[in-house]
Structures are given as C-alpha cells and as structure tokens.
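K.L.:
Input: one structure, supplied below.
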Ligand SMILES: [Zn+2]
C-alpha cells in the first residue's frame, strides 16, 4: 500500500479488511468508513452493516482488473487498490467438434441468457437482505477454482468465474445467505440455474442443479435448501457451480467466506 493511501486512511479512519499491499483478482474485501455510501464504477453502493458511526461496505475488484478505485463521497477521497499479478492454472478439454460449436439457435439462446444475466448484475438493490455471513452452499471437493483458464480443443474460452464443488447428484444445495431469488430457470450453459440477490450489488449463483425448490421473487433464508446438485446444462458430471458478483465484478466466492471470518476475528 502506498504511503499516501496509509496516510489518507489514518487521517480519515478508513479501514480495509483484510489490509494488503495488493489484492488477488476477484478478491472480496470490506471497507470501513464513515461515509453513507461508496462509489464504485460510477455507482453508489450502500453499506452491508453499520457499527456506530461507521459503515461496512463489501467491495471486490473484477477478475481482469489491474486496479480498483473506490470513491468516498463524504470523506472526498479516492482509494486506489492494487490487484496482484496472478497466473491462473490452465485447463484443457477435448470434445467432439459438434459439441463445442454451437448451432445458430443455441448461440442465440446463450447470448440472450448472457444479456439477461448482465442486466441482473448491473442492478444494485438498495435493500440489504444480509443477516451475517455467507456459507458454503454444499460440501464436496472443489475441483475447479475461480479464475482458472479454459481451453476447449486448444481454443481459449472464457475463464472460470466461480468454483465447482463436486459431490453426489441429488445432494441438497443451500442458499449461502438471506436474499431474494431473481432468477430460477433453465439456461443453455448453466442448466437449472438460481441467482440470489443479497442486496447492495451482491449476487450468488447456483448452476447445473438437478432440482430447483424456489421461485423468482421468493425471499430465502440463509441455509434454506434451494435445490439439489445435478449435471444439467454444460456439465461433464454432477457438481455445483457456485458464482459471485459484487457490483458487477466477477468475484471469488471463497474470498467471500474468508472475509467474514476475518471480520469476526477482529470484533
Ligand atoms: Zn463451474
């Protein structure tokens, strides 16, 4: 962290949890300040909770970002946080060509679904549904991590923007935190997919489900069984793809679990 950032934080009592020289791509962190909101990419984000005169904001840089800049309107300061350089592992898959090349209809469908999801990530719900911390939606073996690069038949595809938790088909999947279901339906890549809006720009997603037990518009409590592990959509075996967006940024869900542990330790 630069001397200027440290000095600014000292003068204006801004705290970052965890405090680091640089953050991993997509790493989630908490900013503690007196401001009522923070500005991230021209959008105002409200606090996830208050502690006396201070507010706590959940922020993350995007997977591909080199720096994250956060403006504090009342403190009138811009914090510029460095993102560390990280080499992600490469995964190579080989499939018959007809399974990789999408038909015009499938491509149209996949693009429409991507647009619908993008509209969801762009929406920042001012209402916070958060109660405490997030939980791992299902236990299993994490075989494919956030940010890993994918090659299909030697052609680079989009990186992995969630984690894959492998376990038996039919294993119950829980809501990671309290929130409102903003998507529950079938998509080309994700199969049976659920997206939960936790408020303040925080969304978790649950893909490849076998069954879905919730509907759009339903408020779900932390730990509620929302579906079961499956292999619907483009999945080679039963697993849960668990993803996270924070104010539009593709963020690492594991760091979301860790940041709340660090916060609890500090209190
Ligand atoms: Zn995945």
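In our numbering, the protein residues as written are 1120 to 1386. All C-beta atoms, glycine included, are put in the ideal place defined by N, C-alpha and C.
Tell me whether the beta-carbon of residue 1212 lies closer than 8 Å to the beta-carbon of residue 1176.
P.N.:
Taking 8 Å as the Cβ cut-off, residue 1212 and residue 1176 do not qualify as a contacting pair.
K.L.:
Hey, which unbroken runs of the beta strand (DSSP E) at 3 residues or more fall wholly within the region 1277–1354?
P.N.:
Taking only runs of at least 3 residues, the beta strand (DSSP E) segments lying wholly in the region 1277–1354 are 1281–1285, 1291–1293, 1298–1306, 1310–1318, 1321–1331 and 1344–1348.
K.L.:
Would the beta-carbon of residue 1171 be found less than 7 Å away from any heavy atom of ligand 1?
P.N.:
Residue 1171 Cβ: outside cutoff for every heavy atom of ligand 1.
K.L.:
Along the chain, where does the beta strand (DSSP E) containing residue 1439 start, and where does it finish?
P.N.:
Any property of residue 1439 remains undetermined from this structure, which presents the chain solely from 1120 to 1386.
K.L.:
What residues sit near ligand 1, counting only those whose C-beta is closer than 6 Å to one of its heavy atoms, in chain order?
P.N.:
Chain-ordered list of matching residues: 1263, 1279, 1281, 1283 and 1360.
K.L.:
So what's residue 1384 in DSSP terms, helix, strand or just coil?
P.N.:
Helix, per DSSP.
K.L.:
Can residue 1323 and residue 1372 be called in contact, C-beta distance under 8 Å?
P.N.:
Cβ distance < 8 Å, so residue 1323 and residue 1372 count as in contact.
K.L.:
Going by CA-CA distance only, name the one from 1357, 1246, 1310 and 1275 that's closest to residue 1338.
P.N.:
For residue 1338, the nearest C-alpha among the options comes from 1246.
K.L.:
What are the start and end residues of the beta strand (DSSP E) that includes residue 1219?
P.N.:
That residue, residue 1219, is in no beta strand (DSSP E); its alpha helix (DSSP H) goes 1216–1219.
K.L.:
Here's a check: name, in chain order, each residue in its chain whose Cβ is nearer than 6 Å to the Cβ of residue 1276, leaving out the five neighbours to either side.
P.N.:
Excluding positions up to five away in sequence, the list reads 1269.
K.L.:
Using the three-state DSSP reduction, which class does residue 1257 fall into: helix, strand or coil?
P.N.:
Looking at residue 1257 - three-state DSSP - the assignment turns out to be coil, as it is neither helix nor strand.
K.L.:
To which residues of the same chain is residue 1311 closer than 6 Å at the C-beta, ignoring the five residues directly before and after it?
P.N.:
Excluding positions up to five away in sequence, the list reads 1305, 1328, 1331 and 1351.
K.L.:
Which value, in whole angstroms, describes the spacing of the CA atoms of residue 1209 and residue 1170?
P.N.:
About 42 Å.
K.L.:
Determine whether the beta carbon atoms of residue 1389 and residue 1347 lie at a separation below 8 Å.
P.N.:
The first residue shown for the chain is 1120 and the last is 1386, placing residue 1389 beyond what the model contains.
K.L.:
Return yes when the Cβ of residue 1283 is within less than 8 Å of the Cβ of residue 1358, no when it is not.
P.N.:
Yes, the Cβ-Cβ distance between residue 1358 and residue 1283 is below 8 Å.
K.L.:
Whose C-beta lies closer than 8 Å to the C-beta of residue 1356 among residues of the same chain, with five residues either side of it excluded?
P.N.:
If we look at residue 1356 and ignore the five residues flanking it on each side, its Cβ neighbours are 1285 and 1350.
K.L.:
Should residue 1142 and residue 1202 be called a contact, given that it needs their Cβ atoms to be closer than 8 Å?
P.N.:
Contact: yes.
K.L.:
Is there a Cβ from chain C that is less than 8 Å from the Cβ of residue 1306?
P.N.:
The chain labelled as chain C is not found in the depicted structure, where only one protein chain is given.
K.L.:
Between the alpha carbons of residue 1187 and residue 1370, how many angstroms are there, rounded?
P.N.:
Straight-line Cα distance between these residues: approximately 13 Å.
K.L.:
Just to confirm the assignment, what range does the beta strand (DSSP E) spanning residue 1231 have?
P.N.:
Where residue 1231 is concerned, there is no enclosing beta strand (DSSP E), although the alpha helix (DSSP H) it sits in stretches over 1223–1241.
K.L.:
Quick check on residue 1184: does DSSP put it in helix, strand or coil?
P.N.:
Coil at residue 1184, not helix or strand.
K.L.:
Using the C-alpha atoms, what's the distance from residue 1258 back to residue 1222?
P.N.:
Their Cα atoms are separated by approximately 35 Å.
K.L.:
With distances taken Cα to Cα, identify the nearest neighbour of residue 1390 among 1361, 1341, 1173 and 1321.
P.N.:
Lying before the first or after the last residue shown, residue 1390 is absent from the chain, which here runs from 1120 to 1386.
K.L.:
Ignore the nearest five residues each way along the sequence and tell me which others in residue 1224's own chain have a CB closer than 6 Å to its CB.
P.N.:
Same-chain partners within the cutoff: there are none.
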